[in-house]
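Only one structure is covered here, and it is reproduced in the block below.
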Amino acid sequence: MKSVLVAPSLLASDFSRLADEVRSAEAAGADWLHLDVMDGHFVDNISFGPAFVQAAHAAATVPIDVHLMISRPDHYLTRFTSIAANITVHVEAEHDVRKTLAAIRGAGCTAGLALSPPTNIEAVHSYLTQIDLLLVMTVNPGYGGQSFIPEMLAKVEQLATWRAELGLDFHIEVDGGINASTSMVCRQAGANVLVAGSSVFGSMDRAAAVAELRKPI
Ligand code: DX5
Ligand code: ZN
């Protein structure tokens, strides 16, 4: 059983107080910090780029988990490899997935692959031996504060089955609308890395919010 890891998403933080928000999330029990890079092309929204991730990395003591929601992750990869522990790219983006995953690992980072809600789980099957993490988007990428899409649980279950059948050990991460109740069903389905933006940064008691996400199932 893989340990549960909580990765607060800084997209939901107060950008004007980034260093304080990083320290606050770590004090609340964050295992990783999740940073959503968006280019306004792969997704409608534009969030932040390497300079912001660098600032978070400078303030952080926990690993940085970068989620690239950009069309050309291969082109921008080297701007993140020295400031991220994990880099996740989308299977739907415009790149050679196998090559990008190899380049991420070659740079010393762990390699993550993400799929959006409309994408069939079969789209990632052939890459499972090249990844350290599979990110199941439980909302449509682009914005925090959306509602969890329960139909995505079947993808988590299928991934856990494939992982066992293939004798692999990649993390299964869920991302979008994760709170105390959706975390429970995601973990029951097989997820172990929980990205949470609004349910942590929007809480009056962030430590309690993080603890809720890890509550034993
Ligand atoms: C959405 C991002 C998510 C988002 C999560 O495109 O990938 O990481 O920030 O935010 P919440 O937890 O508020 O849904
Ligand atoms: Zn994300």
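Just so you know, we're using the numbering used here here: the sequence shown kicks off at 2 and counts up by one.
Even for Gly, the Cβ is constructed at its ideal location relative to N, Cα and C.
Owing to the predicted nature of the structure, the values given are computational and were not obtained by experimental measurement.
Discussion item. Measuring CB atoms only, is the region 84 to 93 touching the region 52 to 70, in the sense that at least three cross pairs come out at less than 8 angstroms?
Written reply: yes
Practice prompt. Drop a sphere of 10 angstroms on the beta-carbon of residue 2, count the other beta-carbons inside from all chains shown, and report buried for 16 or more, exposed for fewer.
Written response: exposed
Item to complete: Using a threshold of 7 angstroms, state whether the C-beta atoms of residue 211 and residue 29 are closer than that.
Response: yes
Discussion item. Output needed for residue 178: all residues of its chain with C-beta closer than 7 angstroms, excluding positions within five of it in sequence on either side, in chain order.
Written reply: 139, 140, 147, 148, 149
Worksheet item: Quick one: is the Cβ of residue 68 within less than 6 angstroms of any heavy atom of the ligand ZN?
Response: yes
Worksheet item: Using the beta-carbon count (16 or more within 10 Å), is residue 156 buried or exposed?
Response: buried
Worksheet item: Between residue 134 and residue 119, what straight-line distance do the alpha-carbon atoms span, to the nearest angstrom?
Response: 19 angstroms
Worksheet entry | Opposing strand residues paired with residue 38 [DSSP bridges] | 69
Worksheet item: Is the beta carbon of residue 40 within less than 6 angstroms of some heavy atom of the ligand ZN?
Response: no
Worksheet item: Is any heavy atom of the ligand ZN found at a distance shorter than 6 angstroms from the C-beta of residue 133?
Response: no
Fill in: Neighbour-count burial assignment, residue 153, 16 or more Cβ in a 10 Å radius
buried
Practice prompt. Under 8 angstroms by Cβ, that's how I've got residue 6 and residue 193 pegged, so tell me the actual separation to the nearest angstrom.
Written response: 6 angstroms
Worksheet item: Over what stretch of residues does the alpha helix (DSSP H) that includes residue 21 continue unbroken?
Response: 19 to 28
Discussion item. Since residue 131 and residue 80 should fall inside the 8 angstroms C-beta cutoff, what is the C-beta to C-beta distance between them, to a whole number of angstroms?
Written reply: Residue 131 to residue 80, Cβ: 22 angstroms. No contact.
Fill in: Exposure label - residue 207; buried when at least 16 CB within 10 Å
buried
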